[in-house]
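The structure appears below as structure tokens.
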Amino acid sequence: MRIVLAEDLALLRDGLVRLLTAYGFEVAAAVDNAPMLLDALARHRPDVAVIDVRLPPTLTDEGLRAALEARRRWPGLPVLILSQYVEQLYARELLSDGSGAVGYLLKDRIGDVDHFVEAVRRVAGGGTAMDAEVITQLLTRRGHDQPLGQLTAREREVLELMAEGLSNAAIAARLLVTDKAIGKHTNNIFAKLGLPPSDDHNRRVMAVLTYLEALPG
Amino acid sequence: MTWIRRLPAACAGLALNAATGVAAWALLALAGVCAVVSPLPGAAAARPWALGLVHRLARFHHAAAAGQPGRELSWLALHAVAGPSSLLLVALTVMSVGQIMNLRPLDNSRAQSVTLSLAMLAILAVALALVLVLQSTQTRLARVLLRPGRVRQLTESRAAVVDAQAAELRRIERDLHDGAQARLIAVRINLGLIKGADDPEQVRALAGRAWEDTGQALADLRDLVRGIHPPVLADRGLTGAVRAAALLCPIPVEVDIELASRPQAPVESALYFAAAEALTNVAKHSGATRAWVRARHAGGVLRLTVGDDGRGGADPAKGTGLSGISRRLSAFDGTLSVHSPPGGPSTLTMELPCALS
Chain B
1 MRIVLAEDLA LLRDGLVRLL TAYGFEVAAA VDNAPMLLDA LARHRPDVAV IDVRLPPTLT
61 DEGLRAALEA RRRWPGLPVL ILSQYVEQLY ARELLSDGSG AVGYLLKDRI GDVDHFVEAV
121 RRVAGGGTAM DAEVITQLLT RRGHDQPLGQ LTAREREVLE LMAEGLSNAA IAARLLVTDK
181 AIGKHTNNIF AKLGLPPSDD HNRRVMAVLT YLEALPG
Chain X
1001 MTWIRRLPAA CAGLALNAAT GVAAWALLAL AGVCAVVSPL PGAAAARPWA LGLVHRLARF
1061 HHAAAAGQPG RELSWLALHA VAGPSSLLLV ALTVMSVGQI MNLRPLDNSR AQSVTLSLAM
1121 LAILAVALAL VLVLQSTQTR LARVLLRPGR VRQLTESRAA VVDAQAAELR RIERDLHDGA
1181 QARLIAVRIN LGLIKGADDP EQVRALAGRA WEDTGQALAD LRDLVRGIHP PVLADRGLTG
1241 AVRAAALLCP IPVEVDIELA SRPQAPVESA LYFAAAEALT NVAKHSGATR AWVRARHAGG
1301 VLRLTVGDDG RGGADPAKGT GLSGISRRLS AFDGTLSVHS PPGGPSTLTM ELPCALS
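Protein chains in written order, with the working numbering: chain B, 1 to 217; chain X, 1001 to 1357.
Given below as structure tokens:
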């Protein structure tokens, strides 16, 4: 699996290259600014782009803007955005084209190597990887609403993992229960929240996030 | 008919002003006598009395006592004349009514007694209206004359800014000390133990703890950074940052910000934190079901309003939230006005003179 990486801090860039290589990825290019990123993407057409939100020259959200631009040029290009903080505003922008293959993770998560590598693979495969922090913020904000209040603690946990982009099988593995048990939980969640059931991972994430966002207060 | 409801308070206010006006005469006269008898100590003795009276009266009028004795004493002299002026109104009213009562009509026709009664009523009505006018004039006089001068305002706002900055630095120091720094020490201890450990099981457990601690240190630092200068503000300016803050608000917030370009960074930051604080207040205290933020720049002034459909009753005099916003804005010559009648809705208007870059 081929990756183009954009990260301006040399320490983190080298660390990421080493980590990804160790897990069998091929890092086609590792760049440190947004214009070079777009060039590298055009040249290498990777399976997934791993991009830091903050990049030179402006050192603001240049990386995110470049990612959005890249997805306009090459629709469906899988991008995984890394950041030291998460903003729902940015999560929305990334998800807004509805074509999936999007990840948005805190850099802290890189330390959780197995999950991080799993997230890179998932995004490359067209899936979604939303940081748990995005979901927590949404749930805290919407915590008092009636339908969410009806969920059991376990169902809420499953909902959070589902919104992160995990499949039923992956959620089952994470929570150490059977696929069947998770299937039952997800059906209950879908029923309680009035979401159309669906097996497509990406659509599940979109459904959950749209539900959490669009609910009247 | 709100003016009828205001009448009792207005009457009481006038009576108080009359009484204190007379007292001011007495004080000034006393001060004069003292000054003649023993110039320096006499004036010094009367001064605190006079200033104490001014401060108490200022509080009654909701006027900001300037803390400038010269201004305060000259207002007191004026108050000595303006305060008792209501006595004149009472005397005039009583006199005119008495005059009418004393009229001896030539023939006792019903038409005449009705006309005279109506005249008396008219006089009373005019007198009551004058009560309101006189009282509000006296209050306005106090507010205008006791208002702090420009230099004083600047000195105060600068002091508030310096205080706030010092407090902010102390908070950051404490957060770093108790948060990230402490975590890193814990990490180092665990890594030190790992260096000397032989048991693989123990090494794994210690590494796990070190791993947890670095995660927590990162989370602490992230929260701290957000409080100093939210990255989204640097990225997207006021519009994006307020929109991001609105997304975190538990009730729907409509954001309508139209600015041709970005204000200077410090101004932007002050406005952002003011708006965020206002939204926090809405979420915490208003009981509102929705809120809105609107900002426009016109005539060299950036005006940002935050409104909600909650229960109202927000008072800058109570709680630190609103006074904090006011202090933040005053550093840039900005002002906060609060319109929040009991029962709502509330509107906070922040105005800040600035140029857009």
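Ideal Cβ placement from N, Cα and C applies to all residues, glycine included.
From the beta-carbon of G111 (chain B), the residues of chain X found nearer than 9 Å are W1211, T1214, G1215, L1218. V208 (chain B) and T1347 (chain X) have their alpha carbons spaced roughly 34 Å apart. Below 8 Å, enough C-beta pairs join the segment 1260-1277 of chain X and the segment 1236-1244 of chain X to call them touching: three or more. Within the DSSP bridge table, the entry for A1298 (chain X) names X:V1301 as partners. According to DSSP, W1292 (chain X) shares a beta bridge with X:E1254, X:G1307. Of the other Cβ atoms in all chains shown, fewer than 16 fall within 10 Å of the Cβ of M1101 (chain X); this residue is therefore exposed. P1353 (chain X) and L1259 (chain X) have their C-alpha atoms some 14 Å from each other. A1009 (chain X) is outside the set of residues whose beta carbon lies under 8 Å from a beta carbon in chain B. According to the DSSP secondary-structure assignment, M130 (chain B) is paired through a beta bridge with B:Y104. Restricting attention to X:R1143, X:A1288, X:G1313, X:Q1138, the CA atom closest to the CA of N1017 (chain X) is found in X:Q1138.
DSSP places V1232 (chain X) inside the alpha helix (DSSP H), whose first and last residues are 1231-1248. About 19 Å separates the beta carbon of L20 (chain B) from that of A70 (chain B), a gap too long to meet the 8 Å contact definition. Distance between W1292 (chain X) and D1315 (chain X), taken at the CA atoms: about 19 Å. Comparing C-alpha distances from A1009 (chain X) to each of X:G1021, X:L1132, X:C1034 shows the shortest one belongs to X:L1132.
R54 (chain B) is positioned such that its CB atom lies no closer than 8 Å to that of D47 (chain B). In its own chain, leaving out the 5 sequence neighbours on each side, no residue places its CB closer than 6 Å to the CB of L166 (chain B).
The residues P75, G76, in chain order, have a CB closer than 7 Å to that of S99 (chain B) in the same chain once the five nearest residues on each side in sequence are set aside. Between A29 (chain B) and R1294 (chain X), the alpha-carbon positions lie close to 44 Å from each other. With respect to chain X, the C-beta atom of D108 (chain B) has a partner C-beta closer than 8 Å.
Under DSSP, D52 (chain B) forms a beta bridge with B:L82. Put simply, the backbone Cα of K1318 (chain X) is about 53 Å away from that of T1115 (chain X). Boundaries of the alpha helix (DSSP H) harbouring R1158 (chain X): 1150-1176, taken from the DSSP string. Contact annotation: the segment 1295-1304 of chain X does not touch the segment 1335-1344 of chain X, with fewer than three C-beta pairs closer than 8 Å. Collapsing the DSSP output to three states places P1353 (chain X) in a strand. For S1337 (chain X), the enclosing beta strand (DSSP E) has its first and last residue at 1335-1339. Among the CB atoms of chain B, one or more fall inside 8 Å of the CB of D1235 (chain X). Residue environment: E1173 (chain X) is assigned as exposed (fewer than 16 neighbouring CB atoms within 10 Å of its CB, all protein chains considered). Per DSSP, V1097 (chain X) is not a residue of any beta strand (DSSP E); the alpha helix (DSSP H) it occupies stretches across 1085-1102. E164 (chain B) is classed as buried because its beta carbon has at least 16 other beta carbons within 10 Å across all chains shown.
Residue pairing by DSSP puts A29 (chain B) in a beta bridge opposite B:V4.
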